[in-house]
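If you read the sequences in order, they're chains V and A.
For what it's worth, our numbering labels the leading residue of the first sequence as 1, then goes sequentially.
For what it's worth, our numbering labels the leading residue of the second sequence as 250, then goes sequentially.
Backbone N, C-alpha and C fix where the C-beta goes; we use that ideal spot for every residue, glycine too.
Below is one structure, written out as structure tokens, with a few remarks after it.
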Amino acid sequence: MKILVPVKRVADYNVRIHVKADETGVELANVKMSMNPFDEIAVEEAIRLKEAGKAEEIIAVSIGPGEAEQTLRTALAMGADRAILVKTQQETEPLAVAKVLRAIVKRENPDLVILGKQAIDDDCGQTGQMLAALLGWPQATFISKLEIDGEQATITREIDGGLQTISAPLPLVATTDLRLNEPRYASLPNIMKARRKPLETLTAEELDVDVTPRLEVLKVQEPPARAGGVRVESVDELIDRLKNEAGVL
Amino acid sequence: MAILLIAEHDENSLKEATARALSAARQMDPQVDILVAGEKCAAIARQAAALEGVRKVLLAEDAALAHQMAGPMSALVTPLMETYDALVAPATTTGRDIAPRIAALLDVMQISDVVAVQSPDTFVRPIYAGNALQTVRSKDVKKVLTIRTTAFPATAKSAQAAPVETIAVAEIPPGVRFVSQELNTSERPELTSARIVVSGGRGMGSTEAFAMLEELAARLGAAVGASRAAVDAGFVSNDLQVGQTGKIVAPELYMAFGISGAIQHLAGMKDSRIIVAVNKDEEAPIFQVADYGLVADLFKVLPELMEKLG
């Protein structure tokens, strides 16, 4: 089995984000960038499938600026076999990313595409479902457990009320939820080794995919700040204020 | 032309998320039809028809539509979109699963988690865990949106019911097969629509401590929530998680016990009307958003609260 793992370079989840003064976007200059945490979970799951003898090859793919190569090197250091960087300076929306990924799937013919359920920058949560639609493949979103047996996958999904188990034929697009696994850290020797693993660079034009945005961002603003309240000294004071001041009890 | 809204239901009842998403849809266009799709859901269609301002309800019943899986749902909805300008779904796990699949089939870039409608093509949505709000205009001919339901009020019921029209369901090829479901059978109200939420974090320390929160919740008629740290520590199941990667809640009262207030958690609850924080660390960031902060040991506060509210 061949697995394709799309990964996105995003502002690190520990970074406190600030909106630019001109309201055109958020300030990303000199901000620490990392692999989207949900994509790390996807890379980890692919590696575990390979370690279990269920997969032969893991290909990591990223769409973005040249710096996305660092994110791909992280995936290679974790254990992916090779990587593809589709370079574009354009901000890419999920629909455009799904189209680029479709072109990569057509070239590579993976049996499984596994990616994060959402990126923690734009919080869209669309790419996996869109890719499944464009390929006409089944989809399994928000997964917390994945078992592959031959041509069939059994999946547990995190849904609003609890957990749902489904079964789907391969090929399949799966999107990861938090509890699927805990991603490993790349060891120093593996980081060194990853530098020599193959990384192919393409462009969206070479793949004949139009990545022109469909949404026009009119402005990006800080959310209204929540004024801090008061400190209460005791449970009695808390109950009194909740009853008589806030009127919520 | 008009808007098609996908109803959220579990084949037993229509969820409030539908009435909230309906408020958002009606801000775009007064002509809104609701699609109720499932295995057996005629009773739910009647509930949807009773919502104010609904033009009509489309009822699609078929065994293949049970559990509203994305494959069958997109096969059903995509052709229907020929006669609609926009598709709206609540941003529940069902809506988030289905809507992007339909959007891609329509070649439309979806707008996720809409918190404000500025015009039929311009919307506000949170990015970076709600640390920024983005205003976007869609250049697509048709729109596909998911709605953050806590940002919109539930539409009221109307005295006059809208007509229910049964639509034919074409044969749906097999794909994903439903195996089983384990739903949380708590007596407590649903987390996303509860009036009061009591939530615990890493400071709770154990699953047993969460039983105390359950007890407090029972007395207050509240839902129980948790931070990601509490879920990661294994104290509670993930469906209780409040935050960027869990559920977004905005109750009248949110009580946070032993929650430090990481950005990712604040993203899921900072629109609550009143926030109470109980934490023994007076530097905890949660106090910056709390209306009432109590620096104290939650293991002393919880029993006292229960006794005095009893």
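is_contact[residue i, chain A] using C-beta, thresh 8 Å
i, result
"residue 49 (chain V)", "no"
"residue 139 (chain V)", "yes"
"residue 29 (chain V)", "no"
"residue 90 (chain V)", "no"
"residue 231 (chain V)", "yes"
"residue 72 (chain V)", "no"
"residue 266 (chain V)", "This structure leaves residue 266 (chain V) out entirely; chain V is present only between 1 and 249."
"residue 223 (chain V)", "yes"
"residue 210 (chain V)", "no"
"residue 219 (chain V)", "yes"
"residue 337 (chain V)", "Residue 337 (chain V) lies beyond the residue range present for chain V, which begins at 1 and ends at 249; the question has no answer from this structure."
"residue 207 (chain V)", "no"
"residue 306 (chain V)", "Here chain V comprises residues numbered 1 to 249, so residue 306 (chain V) is not present and cannot be evaluated."
"residue 130 (chain V)", "yes"
"residue 40 (chain V)", "no"
"residue 149 (chain V)", "no"
"residue 159 (chain V)", "yes"
"residue 108 (chain V)", "no"
"residue 204 (chain V)", "no"
Chain V within 8 Å of residue i, Cβ atoms only
i, result
"residue 493 (chain A)", "yes"
"residue 553 (chain A)", "yes"
"residue 302 (chain A)", "no"
"residue 269 (chain A)", "no"
"residue 360 (chain A)", "yes"
"residue 430 (chain A)", "yes"
"residue 541 (chain A)", "yes"
"residue 484 (chain A)", "no"
"residue 350 (chain A)", "yes"
"residue 488 (chain A)", "yes"
"residue 333 (chain A)", "no"
"residue 407 (chain A)", "no"
"residue 536 (chain A)", "yes"
"residue 320 (chain A)", "yes"
"residue 528 (chain A)", "no"
"residue 389 (chain A)", "yes"
Nearest candidate by alpha-carbon position, reference residue i, set the options
i, options, result
"residue 130 (chain V)", "V:119, V:109 and V:101", "V:101"
"residue 340 (chain A)", "A:520, A:522, A:271 and A:447", "A:271"
"residue 122 (chain V)", "V:94, V:247 and V:134", "V:94"
"residue 364 (chain A)", "A:268, A:429, A:400 and A:379", "A:400"
"residue 431 (chain A)", "V:195, V:166 and V:179", "V:166"
"residue 448 (chain A)", "A:476, A:436 and A:433", "A:476"
"residue 345 (chain A)", "V:25, V:59 and V:141", "V:141"
"residue 415 (chain A)", "A:428, A:287 and A:436", "A:287"
"residue 159 (chain V)", "A:254, A:257 and A:488", "A:488"
"residue 323 (chain A)", "V:15, V:105, V:137 and V:202", "V:137"
"residue 12 (chain V)", "V:20, V:21, V:27 and V:23", "V:27"
"residue 243 (chain V)", "A:330, A:372 and A:558", "A:558"
"residue 213 (chain V)", "V:187, V:88 and V:207", "V:88"
"residue 22 (chain V)", "V:109, V:217, V:245 and V:75", "V:217"
"residue 383 (chain A)", "A:436, A:391 and A:372", "A:372"
"residue 330 (chain A)", "A:295, A:265 and A:252", "A:252"
"residue 338 (chain A)", "A:550, A:392 and A:486", "A:392"
"residue 34 (chain V)", "V:43, V:54 and V:9", "V:9"
"residue 108 (chain V)", "V:78, V:92, V:82 and V:179", "V:82"
"residue 427 (chain A)", "V:76, V:184, V:143 and V:164", "V:164"
Beta-carbon neighbours of residue i, restricted to chain B and to distances below 7 Å
i, result
"residue 323 (chain A)", "The chain labelled as chain B is not found among the protein chains of the depicted structure, namely V and A."
- Report yes or no: do the region 457 to 464 of chain A and the region 404 to 419 of chain A share at least 3 C-beta pairs separated by less than 8 Å? Taking 8 Å as the limit for Cβ pairs, the verdict is that the region 404 to 419 of chain A does not touch the region 457 to 464 of chain A.
- Given 8 Å as the limit, is there contact between the region 165 to 177 of chain V and the region 116 to 123 of chain V, that is, 3 or more CB pairs closer than that? Flag = yes, the region 165 to 177 of chain V and the region 116 to 123 of chain V touch.
- Item | Segments of 3+ residues assigned as beta strand (DSSP E) that fall wholly inside the region 192 to 222 of chain V | Those beta strand (DSSP E) runs which fall completely within the region 192 to 222 of chain V and span 3+ residues are 199 to 203 and 215 to 221.
- Message: With a threshold of 8 Å, are at least 3 pairs of Cβ atoms found where one atom belongs to the region 466 to 473 of chain A and the other to the region 436 to 454 of chain A?
- Response: The answer is yes - the region 436 to 454 of chain A touches the region 466 to 473 of chain A, with three or more Cβ pairs under 8 Å.
- Every unbroken beta strand (DSSP E) inside the region 286 to 372 of chain A [3 residues or more]: Listed in chain order, the complete beta strand (DSSP E) runs (minimum 3 residues) inside the region 286 to 372 of chain A are 303 to 310, 335 to 339, 360 to 363 and 365 to 368.
- Anything in the region 166 to 181 of chain V with a Cβ closer than 8 Å to a Cβ of chain A? List those residues in chain order, please. Answer set for the region 166 to 181 of chain V: 166, 167, 168, 169, 177, 178 and 179.
- Query: In the region 33 to 97 of chain V, which residue ranges form an unbroken beta strand (DSSP E) of at least 3 residues, counting only runs that do not cross its ends?
  - Reply: Counting only runs of 3 or more residues that sit fully inside the region 33 to 97 of chain V, the beta strand (DSSP E) segments are 33 to 35, 57 to 64 and 82 to 87, in chain order.
- Using a beta-carbon distance cut-off of less than 8 Å, what residues from the region 3 to 24 of chain V approach chain A? Under the 8 Å Cβ criterion, the region 3 to 24 of chain V contributes 11, 13, 16, 17 and 19.
- Message: Does the region 276 to 291 of chain A come into contact with the region 299 to 313 of chain A, if we say contact requires no fewer than three beta-carbon pairs (one atom in each stretch) closer than 8 Å?
- Response: Note that the region 276 to 291 of chain A touches the region 299 to 313 of chain A; at least 3 beta-carbon pairs, one per stretch, sit closer than 8 Å.
- Item | Cβ-based contacts, 7 Å cut-off: residues of the region 412 to 427 of chain A near chain V | Listed in sequence order: 424, 425, 426 and 427.
- Query: Quick one: complete beta strand (DSSP E) runs, 3+ long, within the region 141 to 200 of chain V?
  - Reply: Taking 3 residues as the shortest admissible run, the region 141 to 200 of chain V contains the following complete beta strand (DSSP E) segments, listed from N- to C-terminal end: 152 to 159, 162 to 169 and 172 to 176.
- Message: Quick check: the region 505 to 516 of chain A against the region 189 to 204 of chain V, are at least 3 beta-carbon pairs closer than 8 Å?
- Response: Too few Cβ pairs lie closer than 8 Å, so no.
- Count the C-beta pairs between the region 365 to 375 of chain A and the region 103 to 112 of chain V that are closer than 8 Å, then say yes if the count reaches three, no if not. Fewer than three pairs of CB atoms, one per stretch, sit closer than 8 Å, so the region 365 to 375 of chain A makes no contact with the region 103 to 112 of chain V.
- Indicate whether the contact test is met: 3 or more Cβ pairs, each with one atom in the region 57 to 75 of chain V and one in the region 37 to 48 of chain V, closer than 8 Å. Enough Cβ pairs lie closer than 8 Å, so yes.
- Task: Decide if the region 229 to 249 of chain V is in contact with the region 534 to 547 of chain A; the criterion is three or more beta carbon pairs, one per stretch, under 8 Å apart.
- Result: At 8 Å Cβ cutoff, the stretches touch.
- Task: Enumerate, from N- to C-terminal direction, the unbroken alpha helix (DSSP H) stretches of 4 or more residues contained entirely within the region 449 to 518 of chain A.
- Result: Listed in chain order, the complete alpha helix (DSSP H) runs (minimum 4 residues) inside the region 449 to 518 of chain A are 456 to 469, 477 to 481 and 512 to 515.
- Query: With contact counted as at least three CB pairs below 8 Å, one residue from each stretch, are the region 147 to 155 of chain V and the region 378 to 393 of chain A in contact?
  - Reply: No: fewer than three Cβ pairs fall under 8 Å.
- Item | Residues, ordered as in the chain, of the region 375 to 387 of chain A that lie near chain V by beta-carbon distance below 7 Å | Those residues of the region 375 to 387 of chain A that come within reach of chain V (Cβ to Cβ, closer than 7 Å) are 375, 376, 377, 378, 379, 380, 381, 382, 383, 384, 385, 386 and 387.
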